[in-house]
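Take a look at the structure below.
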Amino acid sequence: MARADKRTPIAETPMKPTLATVWLDGCSGCHMSVLDMDERILEVLSGMNLVYSPLVDAKAFPEHVDLTLVEGSVSSEDDLHKIRLVRERTKTLVALGDCAVTSNVPGMRNPYLVKDVLDRAYTENADGPRKGEIPTAGVPRLLPWVRPVHEIVKVDVFLPGCPPPADVIYQMLCAMTQGDSAETAVRMAEAVGSLSRFGK
Ligand code: SF4
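Be aware that the sequence shown starts at 0, since it is given in numbering that gives the first Met the number 0, and climbs by one per residue.
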């Protein structure tokens with residue numbers, strides 16, 4: 000008769016939720032606000048695994064991500080491809096900051112043709128021997144328009160602000176690690192008026 004296996008089963012380590020941050024057409028200010036959590040980042044990362052971000056080395060967006068913060072609007076073919084992939088692979092997608100929520104500063108080019116925008120940057124305002132050379136290789140092609148993220152893919156949570164305050168980002172991430180929804184944390188921040196807006 001086979002002996003009963005008396006080994007104690009190894010306790011399963013609970014999986015931490017995964018976190019990603021993505022940078023589309025934005026100034027990086029929203030990512031700076033993430034960094035402005037300062038030492039609280041360590042607390043957040045004790046409850047979540049950061050699997051993709053401009054702040055870490057991962058090159059490919061992972062298959063399954065619990066929470067993705069998206070900075071910036073959708074302005075180029077690269078942005079378009081990226082946000083569709085990110086949406087497919089993300090459970091809760093947060094539009095982080097006014098560029099993601101409304102298109103904000105990047106959207107200021109919307110009244111103009113792409114050709115006029117490029118001429119303005121590379122010819123009218125340029126100087127030196129390469130004046131008038133519009134780069135075509137190694138740079139993403141601009142779309143004819145700039146769009147906020149929710150006009151391209153479904154957004155689960157909107158976190159406005161230019162940039163959103165670090166305290167609010169922290170509250171949202173803590174809420175996620177404690178089992179609350181990110182949306183609940185953003186609603187609380189709105190209620191106490193701790194969100195900011197561009198120009199205020
Ligand atoms: Fe920069 Fe403001 Fe846009 Fe964030 S919302 S990327 S801080 S311009």
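Note that beta-carbon positions come from the ideal geometry of N, C-alpha and C, so glycine has one too.
### Query
Is G25 helix, strand or coil by DSSP?
Residue 25 sits at position 26 when you count from the first residue of the sequence shown. It is coil, neither helix nor strand.
### K15 (DSSP reduced to helix, strand or coil)
Within the sequence shown, numbered from 1, the residue matching residue 15 stands at position 16. In this structure, K15 counts as coil in the three-state DSSP scheme.
### Message
Would L95 and V69 qualify as a contact pair, given that the criterion is a beta-carbon distance under 8 Å?
### Response
Stepping through the sequence shown from its first residue, residue 95 is reached at position 96. Stepping through the sequence shown from its first residue, residue 69 is reached at position 70. In contact: L95 and V69 (Cβ atoms closer than 8 Å).
#### Entry: Range covered by the beta strand (DSSP E) that runs through D65
Within the sequence shown, residue 65 is the residue found at index 66, counting from 1. Taken as a continuous stretch (DSSP letters only), the beta strand (DSSP E) holding D65 covers 64-70.
#### Entry: Distance, I40 Cα to D166 Cα
Position 167 of the sequence shown, counted from the first residue, corresponds to residue 166. Position 41 of the sequence shown, counted from the first residue, corresponds to residue 40. Those two C-alpha atoms are separated by around 11 Å.
### Task
Check V145 in the structure and name its three-state DSSP category.
The residue given as residue 145 occupies position 146 in the sequence shown. Strand, per DSSP.
### Task
Please indicate yes or no: does the CB of D251 lie closer than 7 Å to some heavy atom of ligand 1?
The structure shown does not extend to residue 251, since the chain is modelled only from 0 to 199, so the question has no answer here.
### Task
Inspect the beta-carbon positions of S72 and R146 and report whether they are closer than 8 Å.
As a first step, residue 72 must be located in the sequence shown, where it is residue number 73. As a first step, residue 146 must be located in the sequence shown, where it is residue number 147. Yes, they are a contact pair.
### Query
Within 7 Å: the Cβ of P164 and any heavy atom of ligand 1?
For this step, residue 164 is matched to residue 165 along the sequence shown. Not under cutoff, so the answer is no.
### Message
Less than 8 Å between C-beta atoms, sequence neighbours within five positions excluded: which residues of the same chain meet that for E38?
### Response
Working through the sequence shown from its first residue, we reach residue 38 at position 39. So the list is empty, once near-sequence residues are dropped.
### Query
Closest by CA to H149, which one among R140, A19, L172, P159?
On the sequence shown, position 150 is the one that residue 149 refers to. The candidate whose alpha carbon is nearest that of H149 is P159.
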